[in-house]
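According to my numbering, the sequence shown holds residues 6 to 139 in order.
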Amino acid sequence: MPETPTLASALVELQAGPSALLAKWSAITEAAVSEPWEAHSHGQRPARIHDIWHDELDCYIARDVLTEADAIFISAARTAMPRLLAAVEAVLEVAGDLDSEPHTCRAGCTARAVKLIRETITDTLSGKDAGHDA
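As structure tokens, this is what we get:
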């Protein structure tokens, strides 16, 4: 199982360049049970129990999560993490392409670059380029 990066180790790796850190986070994401995960809460307060459920596998991913907010975050992160990683990787690729082009930029070049990056992020997060359903 891949080691979960700490904030300190993540910052050190990020200073060296994002590729290794993104690869590590991608490996962690890919090793996890596939999405979708759903947060469920049941029982009476104050002993309410919060779980994370996988409908297709008909089993719990996690039981007795501390708070409902934590269960919701964990289940949302399982869906969001692959898309966020794909968006960052796509933007880095676009930035690399823009950086490698000859700098014959005229008025509006920055605006076009920003528009391209914005479209890349939007398309990737919506699942258009990440192989996900929107």
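Ideal Cβ placement from N, Cα and C applies to all residues, glycine included.
Keep in mind the model is a prediction, meaning the values are calculated, not measured.
In the same chain as Leu90, and ignoring 5 residues on each side of it, the C-beta atoms closer than 8 Å to its own belong to Leu27, Trp30, Ser31 and Thr34, in chain order. Listed in chain order, the non-local C-beta contacts of Leu71 below 8 Å within the same chain comprise His55, local neighbours out to five positions each way being set aside. By DSSP's assignment, Glu61 forms no beta bridge with any residue.
Ala52 is classed as exposed because its beta carbon has fewer than 16 other beta carbons within 10 Å across all chains shown. Secondary structure of Ser39 (DSSP, three-state): coil.
The alpha-carbon of Ser131 is positioned some 8 Å away from that of Arg88. By alpha-carbon distance to Arg83, the top candidate from Val96, Ile57 and Ala100 is Ile57.
Your pair Thr125 and Ala81 does not check out as a contact, with CB atoms roughly 22 Å apart and the cut at 8 Å. Where Ala116 is concerned, the enclosing alpha helix (DSSP H) starts and stops at Cys114 to Leu130.
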